[in-house]
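One structure below.
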Amino acid sequence: MRTDVMTSEAPADLAGLTGKRFSLRPVDYLWWALLLGGFGFVYLNYRHNLNGYEWIIFSCSTLALGYAGTAWTEFRRLLLIVAVLALLSIQLYDATLARAGERFLLQYFLASQSAVMWMSFLFVLATLSYFFALFTGSAFSAAVGTGLTWTGAAMGLTGLLVRWHESYLISPEMGHIPVSNLYEVFILFCVITAIIYLYYERRYRIRALGGFVLLVISAAVGFLLWYTFDRGAHEIQPLVPALQSYWMKIHVPANFIGYGCFSIAAMLGLAYLARGDDANPRPLLARLPVRAEIDDIMYKAIALGFAFFTVATILGSLWAAEAWGGYWSWDPKETWALIVWLNYAAWLHMRISRNWQGPAMAAWAIIGLFVTLFAFLGVNMFLSGLHSYGEL
Amino acid sequence: MLGFLGSMNLAVTLLVALALASVIGTILKQNEPYQNYIVKFGPFWHGIFEKLGLYDIYSSSWFILILAFLVTTTSICLYRNTPRILASLKQYREDMLEQQLVNMADHSRHRTSVAHDEAVATLAHSFRSLGFRTRTKRHGETTTVAAMKGAANRYGYLFTHCAVVIICIGGFLDSNVPLKVRTLQGSLQAETREIPVSRIPDRSKLPVDNSSFRASVSIPEGRATRAAFVNLGAGYLVQPLPFTIQLEEFRVEHYPSGQPRSFESDLVIQDGSQRIEQTIAVNHPLSYKGYTIYQASFGDGGSELDFKLHDLASAAVLDHSLKVNGDLVLDHNGVAYRLEMDEFRKFNIFANEDPAIDKKFRDFGPSVNFKVRLKDGRANEYLNYMYPITLEGREFLLSGVRSSLEEDFRYLHIPADDEGSPGRFFSLLNLLHDDARLRRIYAAGQSALLPGNSVDGNITEQDVGNVTLRLIRLFLDGGFPMLQQQIDPAMDEDTARTVNSASMKILRFGLEQAYTASLGDAGLDVAEISERDIQFLNDAIVTLSALHQYGFPYYLQLTGFEHVESSGLQIARAPGAKWVYLGFGLLILGVFFLFYVPHERLWAVIKPAGTGSEMVLAGARTRHSRDFSRYFEQISRTIERSFPAN
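Those protein sequences? They're chains G and P, same order as listed. To get this note's numbering, take the position in the first sequence, counting from 1, and add 1. To get this note's numbering, take the position in the second sequence, counting from 1, and add 26.
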């Protein structure tokens, strides 16, 4: 017997639980108005500068940022601050690149190179704060760590946007989105990893893990600084013909969401192993969440990373079909992307179907980072191929 | 058997095996000429590696076998699980009873004053408002409300696994595996010789209607082709095309910094009476009747170069012209030199390092690269610039030389005259080779040397002439070091220094006199020799002293060129692409369904309790169990609050 009854109304509270995601507050309307206003401004003033594909990308990113900003107000705050700083820098530059050395605010704060230096400094400081909090239990220090991470992400993102503008100031034909070489993507990596971590931090209340995650960001910062001062990699270079495509705007960021997630997962794996058993944890690390919780977030990070890495690899393949004449050429970079993909596919299979957990999976996540690192850096350093855009 | 083939362990093993095999292919450079491998690994390992197919690993039989296994395993998984999954999407499990719910990890118990029927209706509605679909079933006194959400999650499994199978099959359609098979059967044989297409035998030709290939071809400007080439193993196959591709023009545009900004080819496709003109560029291919034509590379299409060869040992000047990639044999005093023209560059844009010039980048103009090979095979490589380059305010014609690719070029700086040509330098050099003329010059000029600058009062005029000439000869044969070697090692230091400085003076005198005479020959007023003319001589002396190391008895002066470029095209037909792209779509959809649409179930068992009811709630999610516990708690708290307690 089956009786579907639809008589009475649902209790009001339950409806609230359901509709929570979709109910907009006045400030959300303001946010959308601002965002769409910006979109309209770009349409009115620059519509001829974007081709059809770029319009699709621009529209989708506007919607995605709008949605993310509605669902996550801290992220919205970040976007707004970055927008204000970027617009301020445009004002200060006044269409002349030389202003970078003339105006105080640009020279010490907003010029892309300065902003990136601030980002580097803030991320390292955040790492120290988080670890201090972990070792001493100081809630204040942990909150400072969070604040510094947000600020670092803001400066990094500002640096990237300002750099984008600067590339056009050098000469309009040089202008391009700053995701074209190793230096630029390292900044992107730091920013994206920080933001994804902050999302998990808020959602799962895992400030104690901040130090471990920021450790990988600090390592990236270390590389960035070496790359800047030893190799002068911060100079803006023109785009080689193979990279002059709208695909780059989506392929690279998607990839770095993947890389960022895999890095976070690896650092959680490290925390998992370092922590010791739930029953008798290492004294200094006793404030870390219990193993099951770390494991859960590690799984989520890998799942998110895997999803975006899949998208990124597919986008790369579609781009390759357009630029190199084949969607798959077994080029070293492509092949290593496949290896990374296979590795995490295997990890996820064991986790999902076999429900494997424990130290072995944590160790596998750490090994995964080395595989990813090789795909990201090692291929450029040791193997030659079509993909050699960031040589050391 | 089916159980083993469809097992998760096998699948994961295959994933890992595939990853490891792929690693080999990236470490060992694929599809290089076999010669390179033999040099690298030696004949023994080369033989083994070749047998294992390591040089073209991704189409080797064992690699394909792993892929085939992976496809089989995945297919069997799909075959076994699909019916179960589809069935489970229809099963709400409305037969669940109180005891079963209480056994679940996430459950809660509530009492309310609301009567049974109304409670059932309200709960079912609540579940629906959360996005669940519900089934309600009465079991005597009690009623079970079963709810389910997120069917897409289960489709995620189907989509991702279907995608893997579809992508592999699509990729197989476009791979060169069928060619390998035909080669093994003997019906196809890769050509390894460099011969014209017309002479290539049919067994190395693919059918014109071949539906899947990836071929490449290089077309010089103004030329056309009806065939392209498919690389296979150590050789190639000819892929005839049903239309003609003509290259009208190839262009490279540069950034101000000299890096290339775009590579473009103006193509004309002639297909019967149909004619299509289109410009292609990197990232902007041309699609025509299922053929896609890509800008892949570029090179020299046989530029015609005109040049003068200045004999460095006599006054002779030879006029020649040669195409890029052409060669020329020169006989110089019985020694044969083969000149191989390697490369012509129209632009040479480098960062400016001269502070006197206010520019970030400079174009150093056209240049040629050529090799000069001796009979025994040894060769020097040369890089000559067509126009003079300004250095410290003076102009020089640069000619770089190196004896191996690992070295940097060492440059000969030939001072350029006011016309920017090496004319003045060579007239000086010619004069220096003319003994009779030099004797006359020195006879006339020695009075200038003798009175004040006498080394030794007893030297005769004749001696001065002879000594000067001898020093000039030594200097041209071996530069300054040669002069040093002439000094008797037995001499004490002071005397040696005196002799050395004397011979330097005489050499300088001899060179100055010759230079003055050569200026006179060119019609200049010898009385008004300027600062610049003296600087020219100083620069010329440096060059003359290095000339003996040049390794080629001629200086090649590029005088004219007709630049012909060639464009490297890639032409492909990929019938599997649409399947692969379908697979891509399914994969993305599937992955997001799997991870971001959770499959959730809720149950409520409602039984009458007095005038009100007692409700037991339970729920489960396929994954994310910790999150779900929180979510379930939220639901049960809300239910607790919203139903009036009894």
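We put the CB at the ideal spot given by N, CA and C, even for glycine. Keep in mind it's a predicted model, so treat the numbers as computed, not measured.
For alanine 241 of chain P, the closest of P/Gln596, P/Asn57 and P/Gln561 by C-alpha to C-alpha distance is P/Gln596.
Interface criterion not met: the Cβ of isoleucine 251 of chain G is under 7 Å from no Cβ in chain P. Around the beta carbon of serine 354 of chain G, fewer than 16 other beta carbons sit within 10 angstroms, so the residue counts as exposed. For glutamine 265 of chain P, no CB of chain G lies under 7 Å from its own CB, so it is not counted at the interface with that chain.
Neighbours of threonine 318 of chain P in chain G, taken as residues at a C-beta separation under 8 Å, are given in chain order as Gly326.
Straight-line spacing of the CA atoms in glycine 166 of chain P and threonine 138 of chain P works out to 20 Å. Proximity of leucine 44 of chain P to chain G, defined by a Cβ-Cβ separation below 7 Å, is satisfied. By the beta-carbon neighbour count (other beta carbons within 10 angstroms, threshold 16), asparagine 492 of chain P is exposed. Taking proline 311 of chain P as the centre and dropping the five residues before and after it, the same chain places the C-beta of Thr318, Ile319, Tyr320 and Gln321 closer than 8 Å to its C-beta, in chain order. Residue contact check for threonine 52 of chain P against chain G: a CB pair falls below 7 Å. Minimum Cα-Cα distance from arginine 106 of chain P among the listed residues P/Asn351, P/Ala172 and P/Phe30 corresponds to P/Phe30.
Not a single C-beta of chain G is nearer than 7 Å to the C-beta of isoleucine 90 of chain P. Residues Ala101 of the same chain have their beta carbon placed closer than 6 Å to that of alanine 112 of chain G, with the five preceding and five following residues left out of the count. With contacts defined by Cβ atoms closer than 7 Å, leucine 563 of chain P and tyrosine 581 of chain P do not form a contacting pair.
A direct Cα-Cα distance of roughly 18 Å separates arginine 352 of chain G from serine 264 of chain G. In chain order, Arg288 place their CB closer than 8 Å to the CB of glycine 138 of chain G, counting only its own chain and leaving out the 5 sequence neighbours on each side. Excluding its 5 nearest sequence neighbours in each direction, serine 318 of chain G has C-beta neighbours in its own chain below 8 Å: Tyr328, Trp329 and Glu335, listed in chain order. Here serine 86 of chain P is not bridged, per DSSP, to any residue.
Here tyrosine 262 of chain P is bridged, per DSSP, to P/Glu217 and P/Asn257.
By the neighbour-count criterion, in which a residue is buried when 16 or more other Cβ atoms sit within 10 angstroms of its Cβ, histidine 49 of chain G is exposed. Around alanine 172 of chain P, the same chain offers Tyr118, Arg119, Glu120, Arg161 and Trp629 as residues with beta carbons nearer than 6 Å, after the five sequence neighbours per side are excluded. Contact annotation: in the segment 229–245 of chain G, residues whose CB is within less than 9 Å of a CB in chain P are Gln238, Pro239, Leu240, Val241, Pro242, Ala243, Leu244 and Gln245.
Annotation: the continuous beta strand (DSSP E) that includes asparagine 406 of chain P extends over 405–411.
Closer than 7 Å at the C-beta level to chain P, one finds these residues of the segment 331–347 of chain G: Trp331, Pro333, Thr336, Trp337, Leu339, Ile340, Leu343, Asn344, Ala346 and Ala347. Residue state for asparagine 395 of chain P is assigned as strand, using DSSP reduced to three classes. Judged by DSSP secondary structure, methionine 174 of chain P falls within the beta strand (DSSP E) whose first and last residues are 168–175.
Measuring C-alpha to C-alpha distances from arginine 496 of chain P to each of P/Arg466, P/Asp514, P/Leu533 and P/Pro515 identifies P/Leu533 as the nearest. Along the segment 348–366 of chain G, the positions whose C-beta sits under 7 Å from a C-beta of chain P are His350, Met351, Ile353, Ser354 and Arg355, read in chain order.
Using a Cβ-Cβ distance cut-off of 8 Å, the segment 184–194 of chain P and the segment 89–102 of chain P are in contact, since at least three pairs of beta carbons, one from each stretch, lie closer than that value. Distances from the CA of tryptophan 33 of chain G to each of G/Trp56, G/Val125, G/Thr63 and G/Leu45 were compared; the closest alpha carbon is that of G/Thr63.
Take glutamine 512 of chain P, set aside five residues on each side of it, and the residues of its chain with a beta-carbon closer than 8 Å to its own are Leu500 and Ser529, in chain order. In this structure, the beta-carbon distance from tyrosine 84 of chain P to tryptophan 331 of chain G falls below 7 Å.
A distance below 7 Å between beta-carbons, with the five flanking residues on each side excluded, links alanine 566 of chain P to the following residues of its chain, in chain order: Pro441, Phe451 and Leu454. Taking a beta-carbon distance threshold of 7 Å, alanine 72 of chain G does not count as an interface residue toward chain P.
DSSP places leucine 271 of chain G in the helix class (H, G or I) of the three-state scheme.
DSSP places phenylalanine 333 of chain P in the uninterrupted beta strand (DSSP E) bounded by 330–337.
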